[in-house]
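Q:
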Amino acid sequence: MYMYNGNLVNKELSLGYQYGYGVFETIKVLNGKLIFFKEHTERLFEGCSKLEINFKYTLNELFHISKNFLNKTNFKNGSLKLIVSKNKDSSDLLITLNNKIYTKSQYEKGFKIKISSIKKSETSILSKIKSLNYMENIYCLNKAKAAGYDETIFLNSKNYICEGTISNIFFIKNKKLYTPSLKNGLLNGIIRSKIIEICRQNSIDITEGNYTLEDLLKADEIFLTNSLMGVMPVLKVNNVNFKNFTEYNFFKNKIKLYESLNENFGGLNNG
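All letters in the sequence shown, in the order written, are residues 82 to 352 by this note's numbering.
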């Protein structure tokens with residue numbers, strides 16, 4: 082039993098509400114299509130399995146529930162979030178919509194990022210799961226925005242580049258693409274995995290490894306990825322400006338990934 086907004090509720094309170102015990106996925110909605118829905122839900126299922134959350138829905142059921150939600154609300158662009166919260170022997174599913182989208186001016190200006198003083202643990206089970214316990218990330222992101230930045234990048238306990246609060250990071254040096262290895266304690270983002278996949282399919286040189294802040298600051302180009310922003314160029318790291326970021330030659334001329342991912346991977350089985 083618990084009290085909610087002054088009202089008594091005769092029900093067990095979700096562990097997700099009490100302890101952040103649960104998982105979520107944020108899925109881009111573009112022109113009414115759910116982008117990479119299959120990949121997101123597969124990661125959701127994997128997180129439930131690792132956290133021993135009894136989740137009853139199938140991929141097809143989730144897809145049809147989500148599409149019906151979009152249709153009933155006539156929702157076309159933004160994001161849909163699947164939230165699974167653990168109960169003792171079951172789970173709760175909450176689905177929300179958000180109409181926030183990244184703007185053209187943000188891509189034209191590029192992101193300013195700073196390096197967080199807080200270190201990520203590369204051995205934590207939560208580093209591989211999109212868990213509801215995101216307070217540290219959001220706290221650091223809010224602090225960065227208050228200081229005039231758009232994103233914060235974490236190092237891990239060994240001082241290697243890890244990930245952003247809401248993004249993965251890539252950099253280019255001498256026409257070669259680099260990104261931190263998953264062993265450094267980062268979440269394997271959907272767009273991150275797609276970039277790596279497409280690079281390897283097209284014989285584009287990409288390496289996953291251990292990289293320091295010094296490596297990052299010597300880069301020719303830097304960009305961030307997540308499912309909502311797609312690919313975002315970086316203008317500034319701490320106090321170091323990347324003056325030629327607007328050319329963004331590697332991405333524009335060789336991968337052309339942002340547009341193709343959004344256009345070709347909406348819905349279930351690309352439908």
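A virtual CB, placed ideally from N, CA and C, is assigned to each residue, including glycine.
Identify, in the order they occur along the chain, each residue of the same chain with its Cβ nearer than 6 Å to the Cβ of Ala225, setting aside the five sequence neighbours on each side.
A: Excluding sequence neighbours, Ala225 sits near Lys195 and Thr233.
Q: Please confirm whether Asn158 and Glu203 have their CB atoms less than 8 Å apart.
A: Result no, Cβ atoms of Asn158 and Glu203 do not sit closer than 8 Å.
Q: Could you tell me the alpha carbon to alpha carbon distance between Ile206 and Asn283, rounded to whole angstroms?
A: One C-alpha to the other measures close to 33 Å.
Q: Would Tyr83 be called buried (16 or more neighbouring beta carbons within 10 Å of its own) or exposed?
A: Exposed: under 16 other Cβ atoms inside 10 Å.
Q: Do you know offhand how far Asn149's Cα is from Asn291's?
A: Each residue's Cα considered, the two are about 43 Å apart.
Q: Examine the Cβ distances between the segment 175–184 and the segment 130–142 and report whether three or more of them are shorter than 8 Å.
A: Segments in contact, no.
Q: Look at the Cβ atom of Ile303, then the Cβ atom of Phe252, and state whether they are nearer than 8 Å.
A: Yes, the pair counts as a contact, with Cβ atoms nearer than the cut-off.
Q: How big is the Cα-Cα spacing for Leu316 and Lys190?
A: Going from the Cα of Leu316 to the Cα of Lys190 covers about 7 Å.
Q: Pull up the DSSP beta-bridge partners for Gly290, would you.
A: Its beta-bridge partners are Pro261.
Q: Three or more C-beta pairs under 8 Å: does that hold for the segment 265–280 against the segment 215–229?
A: These segments do not touch.
Q: If I'm right that Lys201 touches Gly266 with Cβ under 8 Å, what's the distance once you round it to whole angstroms?
A: About 5 Å separates the two Cβ atoms, so the contact holds.
Q: Taking Cβ to Cβ, would you say Lys63 is nearer than 8 Å to Gly103?
A: With the chain covering only 82 through 352, there is no way to say anything about residue 63.
Q: Distance check for Met310 and Cys280, CA to CA, integer angstroms please.
A: Cα-Cα distance, rounded: 19 Å.
Q: Please name the residue in Asn155, Glu93, Val321 and Val165 whose C-alpha comes closest to that of Asn180.
A: Comparing Cα positions, the closest option is Asn155.
Q: Let me check understanding here. Comparing Cα to Cα, which of Gly87, Ser308 and Asp301 lies closest to Phe323?
A: Among Gly87, Ser308 and Asp301, the Cα nearest to that of Phe323 is on Asp301.
Q: Do Thr260 and Ile247 have their beta-carbon atoms positioned less than 8 Å apart in this structure?
A: Contact: no.
Q: What residues in its chain sit with their C-beta under 6 Å from that of His121, if we drop five residues either side in the sequence?
A: Taken in chain order, the residues that qualify are Glu106 and Ile108.
Q: Let me check understanding here. Comparing Cα to Cα, which of Asp296, Ile276 and Leu298 lies closest to Thr306?
A: Thr306 has its Cα closest to that of Ile276, out of Asp296, Ile276 and Leu298.
Q: Just curious, the alpha helix (DSSP H) that Ile279 is in, first and last residue?
A: Ile279 -> alpha helix (DSSP H) spans Ile271 to Gln282.
Q: Using three-state DSSP, classify Glu123 as helix, strand or coil.
A: DSSP places Glu123 in helix when its eight states are reduced to three.
Q: Beta-carbon separation of Leu161 and Ile242 under 8 Å?
A: The answer is no: Cβ separation not under 8 Å.
Q: Taking the continuous beta strand (DSSP E) assigned at Met357, which residues delimit it?
A: With the chain covering 82 to 352 only, the question about residue 357 has no answer from this structure.
Q: What did DSSP end up calling Met82 once you bin it into helix, strand or coil?
A: It is coil, neither helix nor strand.
Q: Can the beta-carbon of Met313 be found closer than 8 Å to that of Phe192?
A: Yes, the Cβ-Cβ distance between Met313 and Phe192 is below 8 Å.
Q: Are the beta-carbon atoms belonging to Lys169 and Glu244 less than 8 Å from one another?
A: In this structure, Glu244 does not lie closer than 8 Å to Lys169 by Cβ.
Q: What does DSSP give as the partner residue(s) for Asn307 in the beta ladder?
A: DSSP, once it has assigned bridges, lists Gly311 as partnering Asn307.
Q: For Tyr85, count neighbouring Cβ atoms within 10 angstroms of its own Cβ and tell me buried if that reaches 16, exposed if not.
A: Flag for Tyr85 reads exposed.
Q: For the beta strand (DSSP E) holding Glu232, just list the boundary residues, first then last.
A: Per DSSP, Glu232 belongs to the beta strand (DSSP E) from Glu232 to Asn237.
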